[in-house]
Amino acid sequence: MSDVEEQGGCATALADEPGPAPGAGPRPDLPQPARPGSALGALAGGGDDSDVVQVMLAAARSHLGMEIGFVGRFADGRRTFRFVDAVPGAPAGVRVGASDPLEETYCQRVVDGRLPRLVRDPREHPEVRDLPVTTAFPVGAHVSVPIRFSDGRVYGTFCCFSTAPAPQLRERDLAVVEMLAELVAPALERLEEAELTRSRRVARVEQVLEDGLLTTVFQPIVDFCSGRTVGYEALSRLPDATRPDVWFAEAEALGRGTEAEVCAVRHALARLDEVPAGCYLSINVSPRALLDDALWEALDGAPLERVVLELTEHVVVEDYPSIERVLSAFRAGGGRLAVDDAGAGYASMRHILLLRPDLIKLDISICRDVEADPARAAMVRSFVDLSDSLCARLVAEGVETPPGRDALQQLGVPLGQGFLFARPGPLPAA
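The structure is reproduced here in structure tokens:
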């Protein structure tokens, strides 16, 4: 249904009520933003729940010809402005995030029935006229409707007010606002659930970081010819069944990705003394972490000749010169660089060509079933040639069977790791 048809339907349904047309249109003495009808039409092409609430609020305010519309949220004894739609020059106290004691507001009194939902002129209602908030803005007319969620809870109120009385308003105008409040309630309920979900995610990430719940397991990297372990990759684990990649992605989404990485690096380095002599410790880091001082503070004092930093493949690097600068100092101290998951995407090839790693780790998708797949074998050979030209060592990931190991060795791959040798676990006893 188009916006015009929708508005026309409302007008027809209410045509039998005497008095001015609904809302009497926008007041000519007030500047008006873009018509909400256009925004409503835009929502038909897509829009999130916040857009829905904002557009409905603009529609209500414009219909009533008022200066300010807002959605107020009730929580912890306060009314907080969650959404605001206002004309230029409207009272500045109504802004998103501002809050007031709930008992001092019209909103609470409307919800509990002490005030009417429609106030054309505060002078007609002594209980409204005498409230401090009436003169603070000032409030000349007010429409307020409770917003209820599907379980009956009152979220807050859907409100509009003007600084001048509005004697033209009728009960049908209130009915329009009530309808819009019902329409925004599901969107607000989804938004609140999303906020609760995010809060739980934040709490989960913070608990792991602040309580030191990350642990480290180790998977050996083996020389195919001698069968000797030459290094160990450090892998993070959580105390519950949460997958580490999911937890790190969650930390990244919450803006704490680098902090989580550095925490994992510190945990791994704390075990470096337990790594058998002659073996290196390989630690995963992202390009962003490489450019963070916290990483280098964690590495300060570590025997860098025993440390390999594995650069994750899936993150696109935008500032290679800066990464080259920090890696130059790391390498000068004896540290080495590996590119992880090579061959799984475009980013790894750029990492290899521009950073010239000391080790290249072939992604499991290339190594799996290589003994039976000529195409995979050809790709492995190309990486063998590339690593030779760069004087880098090639490590095959996901080696699970003797035939796979033998095929990789025959193709020229010197090192590998996978379940064939050991699952991630504790370091061997000294």
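Numbered according to our numbering, the sequence shown terminates at residue 987, and the numbering increases by one at each position without gaps. Backbone N, C-alpha and C define an ideal beta-carbon position, used for all residues, glycine too.
Coarse secondary structure for residue i, derived from DSSP in three states
{"i": "Q974", "result": "strand"}
{"i": "P722", "result": "coil"}
{"i": "L984", "result": "coil"}
{"i": "S783", "result": "coil"}
{"i": "V896", "result": "strand"}
{"i": "C836", "result": "coil"}
{"i": "H699", "result": "strand"}
{"i": "A791", "result": "strand"}
{"i": "P648", "result": "coil"}
{"i": "V842", "result": "strand"}
{"i": "L811", "result": "coil"}
{"i": "T691", "result": "helix"}
{"i": "L771", "result": "coil"}
{"i": "V873", "result": "coil"}
{"i": "V685", "result": "helix"}
{"i": "V803", "result": "helix"}
{"i": "L672", "result": "coil"}
{"i": "P860", "result": "coil"}
{"i": "P679", "result": "helix"}
{"i": "Q589", "result": "With a pLDDT of 43 at Q589, under the threshold of 50, the modelled position of that residue is not reliable, and the figure given next carries that caveat. Q589: coil per DSSP, three-state reduction."}
Cutoff 7 Å; reference residue i; Cβ partners in own chain excluding five residues on either side
{"i": "I976", "result": "For clarity, residue 976 is Phe in the given sequence; the question names Ile instead. Once the five neighbours on either side are set aside, the close Cβ partners of F976 are E957."}
{"i": "S701", "result": "Y663, C664, V667, R674, T714 and C716"}
{"i": "A929", "result": "none"}
{"i": "A935", "result": "none"}
{"i": "V941", "result": "L951, L968, G969 and V970"}
{"i": "P593", "result": "Because the pLDDT at P593 is just 43, under 50, the model does not fix this residue reliably, and the point stays unresolved."}
{"i": "L861", "result": "F887, G890, G891 and G892"}
{"i": "F751", "result": "Here residue 751 is Ala; the residue named in the question, Phe, does not match the sequence. Same-chain partners within the cutoff: there are none."}
{"i": "E658", "result": "The sequence shown places Pro at residue 658, not Glu. Answer for P658: G634 and R635, listed in chain order."}
{"i": "V873", "result": "A904"}
Same chain, Cβ closer than 6 Å to residue i, five either side skipped, listed in chain order
{"i": "V819", "result": "A851, L852 and A855"}
{"i": "E763", "result": "none"}
{"i": "S719", "result": "M623, E624, G697 and A698"}
{"i": "L911", "result": "Y877"}
{"i": "I923", "result": "G900, R933 and M936"}
{"i": "A953", "result": "L919, C924, L965, V970 and G973"}
{"i": "P981", "result": "V774, Q776 and L792"}
{"i": "A825", "result": "T773, A791 and I840"}
{"i": "A721", "result": "G697"}
{"i": "A738", "result": "V702, I704 and F715"}
N- and C-terminal bounds of the alpha helix (DSSP H) containing residue i
{"i": "S656", "result": "Element bounds for S656: not the alpha helix (DSSP H) but the beta strand (DSSP E), S656 to P658."}
{"i": "V628", "result": "Not the alpha helix (DSSP H): V628 falls in the beta strand (DSSP E), residues I625 to A632."}
{"i": "S707", "result": "Element bounds for S707: n/a, residue is neither H nor E."}
{"i": "H824", "result": "G814 to L826"}
{"i": "D850", "result": "D850 to L856"}
{"i": "L737", "result": "E728 to D768"}
{"i": "A901", "result": "Careful: A901 lies outside any alpha helix (DSSP H) and carries neither H nor E."}
{"i": "I614", "result": "It is Leu, not Ile, that sits at residue 614 in the sequence shown. Per DSSP, L614 belongs to the alpha helix (DSSP H) from D606 to L621."}
{"i": "E881", "result": "Y877 to A889"}
{"i": "V667", "result": "Y663 to V668"}
Extent of the continuous beta strand (DSSP E) to which residue i belongs
{"i": "L868", "result": "V864 to L868"}
{"i": "T637", "result": "R635 to A643"}
Other residues of its chain near residue i: CB distance less than 8 Å, five sequence neighbours each side excluded
{"i": "D926", "result": "R933 and G961"}
{"i": "H682", "result": "L672, P673 and V676"}
{"i": "V842", "result": "E818, V822, L852, L866, E867, L868 and T869"}
{"i": "G654", "result": "T637 and F638"}
{"i": "V896", "result": "E867, L868, E870, S905, H908, I909, L912, P914, L916, I917 and K918"}
{"i": "P983", "result": "V774 and F775"}
{"i": "F694", "result": "P648, G650, V651, F718 and T720"}
- Do three or more CB pairs link the region 778-789 to the region 806-821 at distances below 8 Å? no
- Item | Runs of beta strand (DSSP E) lying entirely within the region 904-985, each at least 3 residues, in chain order | 916-919, 950-954 and 972-974
- the region 878-888 / the region 831-838 touching (three or more Cβ pairs under 8 Å): no
- Message: For the region 602-619 against the region 630-637, do three or more pairs of beta-carbon atoms, one drawn from each stretch, fall closer than 8 Å, so that the two count as touching?
- Response: no
- Are the region 755-775 and the region 786-805 in contact at 8 Å, needing three or more beta carbon pairs? yes
- If you pair each beta-carbon of the region 704-711 with each one of the region 730-750, do three or more pairs fall below 8 Å? yes
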